[in-house]
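Mapped onto mature numbering (1 follows the signal peptide of the UniProt record, and there is no 0), the consecutive letters of the sequence shown carry residue numbers -18 to -1, 1 to 904.
No residue lacks a Cβ here, since even glycine has one placed at the ideal position from N, Cα and C.
Following: one structure in structure tokens, then a few remarks.
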Amino acid sequence: MQGFQLLVFCCIWLQAWAAKDYLFKNCDQLGFCSRNRHYRHQVEASGSHIPYFVDPQSIKVEDKVTGTILKKLELNELIWLPFELSLLKGDNIRFKIDEDRSDVQVKGVNPKRYDETAQAIFDGPEEQKIESLEKVEVTKEKVTVVYGNQDQYKAVLDLNQVALTVYYNDEAQVSFNSKQLLNFEHYRPQKENEKHVHSQLELTFDMWKDSFEDAKHDTRKFGPESVAADLVFNGFEHVYGIPEHADSLSLKDTTETQWPYRLYNVDIFEYYAESRMPMYGSIPIMIASKPDVSVGVLWLNSADTYVDVRKGKDVTTHWISEAGVLDLVILIGEKPASINNNLGLLSGFVGLPQLFALGYHQCRWNYNDEDDVLDINKKFDEHEIPYDTIWLDVDYTDKRQYFTWEPDAFPDPIRMLRKLDHTGRNLVILIDPHLKLGYEVSEYVDKAGIGHKDALNNTYKHHCWPGESVWIDSLNPSAQGYWDKLHEMSTENKVLGEAENIHFWNDMSEPSVFDGPETSAHKDNLHYGNWEHRSLHNLVGKSFHELTYNALLKRYEDKTRQRPFILTRSYFAGSQRTAAMWTGDNMAKWEYLKTSIPMVLTSNVVNMPFAGADVGGFFGDPSKELLTRWYQTGIWYPFFRAHAHLDSRRREPWVPGEPFTGHIKDALRLRYALLPAFYTAFYESSTNGSPVIRPLFYANPENPDVYGIDDQFFLGNTGLMVKPVTEQNARSVQIYIPDNEVYYEYTNSVPGKAIKDSLGSVKKAVSLGDIPMYIKGGSILPRKDRYRRSSKLMHNDPYHLVVALDKDGNAEGLLYLDDEESFRYRDGDFGIAAFEAKEDTISGNFVSGNPEFADQLEHIFVEKITVLGADDVTGAEISQDGKTGLASVKKHDGYVEIVGAKLRINKSWSVKLQHSSAHDEL
Ligand code: NOJ
């Protein structure tokens, strides 16, 4: 198709797809969801439920507790459901219920319930996550397990009710099946269905078919096979997590709506700014917090899932998955951050990104050709705006065939990449999982049998951007070798060559299928192992970006050892290890700017911190004011990229003109100044799971008023608290000060008035250039203030420390350093500078995993220290390397600047603040 025809096709296509409610099933339209909701209503109304109980004779205690749960049918027949209660690393308790299907045979399909989700989520072999249970007591009524180094945890399984309650410090925190909503739709042949249904309690809606128009051909070979149960969070008011939804951070009560939170990865472009509808990714993790306890639940299931939330004195949740085993982990700790750490011990932490990936990404659909790319690249320099990466969307390819370049537009991509590299810039190109029929890549996939298969085990062929396509089955181990080859770093590779500054965007990986049910793949498709797509749908996107990640590891292996960068649209729990995500196709409207903050925060609280939203809004044209406010918000997204749809007007930072461009430039420069703080926050997250941007309840769990706040957040541990402006024509904002510490105004990095003892809401006047910020007393924030064209060129720049003294005159902070691009940090090539302010002395101490690495930092200095809360300082005495001297002090209203010092980052040093006579400069 020619460019113009393509454009017309796309416009028609997009118009046809603009309204989308009708494309997606709500709970009433989905058999498994309606049946389980109906069941809940019956249980609540009648008090009776299907009897499930543990056969006490079956219980075995070894490393874990195993046994059989019996489900009693109406005619007293019993269904056998083997269960396991086990302890996992990090004091996490796991409860898993399977079904014995050894006698079941269904032609061409794996008859077992899919039980590989846990392995996909865990970051190492499942067996290695298991810790031996040591204190177990079994009686006729219950199994009690005590664990934790101070026996602070206890899990009690009631055998008659199959109810599991988990206690922390003797208080029940989370209970499974205390409301008796456990429902395990066991296997039965269709003709015997009647004998298997509890007539009073169970609905038979869509057990054997799908009445939804687009899904009516679903063969539903196993009939009903959902798993569901209630989880109660005792004494908690708020629950968070289970992305992806365009919704508030604190989850809403859904019981009276048609839309419980749905986890089903779909291509939902032009999604609503407030909705529980499914989106591109899903992470089945919920967390809850109250002043002295935090809890988490990891639901190890990758099938279509709904979660109903009911709020009251406790939060009661009802989890419903279409297929698979019932498998969950309950995590408990004191602070919300301990839940992130415990989760990370199971599913791994965020992969430490290269520094460039935390810089600014300039994207649109599309930069048309090499000249266009290089022109944009040049304009950033003309306007003295830093940026790191330019992106090419789908149309850089020849007829949307991935692993090709459009020959007229990009005749010599390696030349273009080299030109970008002159100023340390990178290129990201898009590679999707659908492969256009009729060229060598798709032909290979088809012939080698490494594509998705349809229900009859033929290569699945449907439509996406290039027209009729096949999909690589990233769950098939044989797909890896081919994908490696396509990504190989070699001069023979005409697509990627030996370029080191090219990175990848895996889009449309839910997978998006234009003519598929609910815009995705057919649920009765088959994957490697003859598993039905239905059971593993939500982890397909993750398996695809992991396929790319593994290929890139090999690409860089012998040469650069660089950390791969991949942006994925579809994701699952565990995706944080290898990819960044963004929130997909939003709109250039104020409400989407607003909702992006809780969306990115939600992702952060469930261990997927490398998250962002399209700055400017994907669809439509933002006003200049909106665009400015979006940049001022976007600089806080851990993943910071502007992107725009092909019908939208150009809107690079210089396009709106003054005063907007100036404000955008200030915002971008602030992001670059804060890169050391972002990088350090990512380092911390990569070791303990703490969110890169974090809601107020992380810092102040003791304050009940912060739990509902989701338009304000902290950047890592830096003490920097931000409330971006997301209202049109804003003249002021209300900022919430969460405790009685001193907070210093820091709007646009200009220190202002300190707020003392003003717990509660503060009104702050704002103009268009303002990004409202405070820095909390007790923090030391590292910055790099020199303007450079890209982050790579900042590598050796000096630091500026902002020391915000607390009420007692103390502060502390961290800075993480490494080569900012390779995996050498894993061999010890990293350093951590710890800063402290105490008793009028500011000091730095450095530790490194490798003295040679420390030596490489020889010429990196702290050149300036701003001290907030020390306005009577008159001098500063420096000590380092056994020598002392004086630095100059510039006094301002409320703060001082210590300048002229060259404090070596890789050594210990101190600066003693003096409060009396004037001093000469060093
Ligand atoms: C869908 C993505 O969400 C969007 O960002 C991209 O521009 C289009 N696909 C075209 O590749």
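Per DSSP, reduced to three states, the secondary structure at ILE358 is helical. Under the three-state reduction of DSSP, PHE65 is assigned to strand.
Collapsing the DSSP output to three states places PRO764 in a strand. Taken through DSSP and simplified to helix, strand or coil, ARG676 comes out as strand.
TRP465 sits in a helix when the DSSP states are folded into three classes. When distances are taken from the beta-carbon of LEU183 to the heavy atoms of the ligand NOJ, even the shortest one reaches 8 Å or more. The three-state reading of DSSP puts ILE617 in coil, since its state is none of H, G, I, E or B. For ARG551, the shortest C-beta to heavy atom distance toward the ligand NOJ is below 8 Å.
Separation of TYR378 and ASP394 (C-alpha to C-alpha, rounded to the nearest whole angstrom) is 12 Å. Between TYR531 and ASP455 the beta-carbon gap is near 17 Å, outside 8 Å, which marks them as no contact.
Scanning GLY498, THR610, MET398 for the CA closest to the CA of LYS443 turns up GLY498. Residue environment analysis places GLN544 among the buried positions, since at least 16 neighbouring C-beta atoms fall within 10 angstroms of its C-beta. Two segments are said to touch when three or more pairs of C-beta atoms, one from each, lie closer than 8 Å; by this definition the region 327 to 345 touches the region 540 to 557.
Taking 8 Å as the cut-off, the C-beta of GLY13 does not count as close to any heavy atom of the ligand NOJ.
Look at MET490: its beta carbon is less than 8 Å from one of the heavy atoms in the ligand NOJ.
For GLN11, the three-state secondary structure derived from DSSP is helix.
Under the three-pair Cβ rule at 8 Å, the region 661 to 678 does not count as touching the region 625 to 642.
Per DSSP, the continuous beta strand (DSSP E) segment holding PHE158 begins and ends at 153 to 158. Where GLN101 is concerned, the enclosing alpha helix (DSSP H) starts and stops at 99 to 103. For PHE622, the enclosing beta strand (DSSP E) starts and ends at 622 to 624. Residue environment for ALA852: buried (at least 16 other C-beta atoms within 10 angstroms of its C-beta). For ASP875, there is no enclosing beta strand (DSSP E), as DSSP gives it neither H nor E. Each of VAL785, LYS758, GLU803 was checked against the Cα of SER773, and the nearest Cα belongs to GLU803. Between the ligand NOJ and HIS625, a heavy atom-to-CB distance of less than 8 Å is present.
In the DSSP assignment, GLU514 is bridged to LEU508. As the crow flies, the alpha-carbon of THR386 is around 16 Å from that of VAL427.
Taking a C-beta distance under 9 Å as the contact criterion, LYS606 and ALA561 do not qualify as a contact pair.
In terms of side-chain proximity, the C-beta atom of PHE600 is found nearer than 8 Å to a non-hydrogen atom of the ligand NOJ. Relative to the non-hydrogen atoms of the ligand NOJ, the Cβ of LEU839 never comes closer than 8 Å to any of them.
Spanning the alpha carbons of ARG400 and TYR246 requires a straight line of approximately 41 Å. DSSP, reduced to helix, strand and coil, places GLN87 outside both helices and strands of the structure shown, so it counts as coil. Under the Cβ criterion (8 Å, minimum of three pairs), the region 614 to 621 counts as touching the region 644 to 652.
Taken atom to atom, the span from the alpha-carbon of TYR661 to that of GLY813 is near 13 Å. Setting aside the 5 residues that flank it on each side, ASN359 is surrounded in the same chain by ILE372, LYS401, LEU402, THR405, ARG407, each with a C-beta closer than 8 Å to its C-beta; the list follows chain order. In this structure, the CA atom of ALA533 is about 4 Å from the CA atom of ASP466.
In the displayed model, SER460 falls within a helix according to three-state DSSP.
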